[in-house]
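Trainee: Residues 0 to 122 in numbering that gives the first Met the number 0 are what the sequence shown lists, from first letter to last. Backbone N, C-alpha and C define an ideal beta-carbon position, used for all residues, glycine too. Quick one: this structure, given as structure tokens, is what I'll be asking you about.
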Amino acid sequence: MKCQQFFKLVAALEDVVDVWKLYMYICIYIVQSNLDLIKMSTTKNFYTQDLPPKGGYNPIQTSRVALRRILTPAVASGLTIATTVVGGIGYFFNYRYARRDQVELRSAKLAIMPMLLAERDRE
0 MKCQQFFKLV AALEDVVDVW KLYMYICIYI VQSNLDLIKM STTKNFYTQD LPPKGGYNPI
60 QTSRVALRRI LTPAVASGLT IATTVVGGIG YFFNYRYARR DQVELRSAKL AIMPMLLAER
120 DRE
């Protein structure tokens, strides 16, 4: 029984080898029949090769390119002074209202303090 299975396996492997050989023969036939397509063409080229321009290319720039300044020192100083002046004027006009609010809060605190102390003493 085992011998029969072995012989069947050998026959199957021979079939595989035969299929592989057949595949190789087909590949060789295809290559040989289309050999003129595979070989390098000796006919005229259908394109022109890019060549450097007459006189050569321009030299490659390797030096540092300075950035364009958007905000010069004079403009930056002017903006700083302008914002300081505008902020100072705004603070000056707003200071009266802020001071008035502080006085009002302090007055309310002083007015309610005796009631809070009396409530605490009651307990």
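DSSP three-state call for N57: helix, strand or coil?
Mentor: coil
Trainee: Mapping DSSP to helix, strand and coil, what is T71?
Mentor: Correct three-state label for T71: coil.
Trainee: To the nearest angstrom, report how far apart L115 and V102 are at their CA atoms.
Mentor: 20 Å
Trainee: I need the DSSP call for D100, collapsed to helix, strand or coil.
Mentor: helix
Trainee: Helix, strand or coil for F92 per DSSP?
Mentor: helix
Trainee: In angstroms, rounded to a whole number, what distance separates the CA positions of D100 and I80?
Mentor: 30 Å
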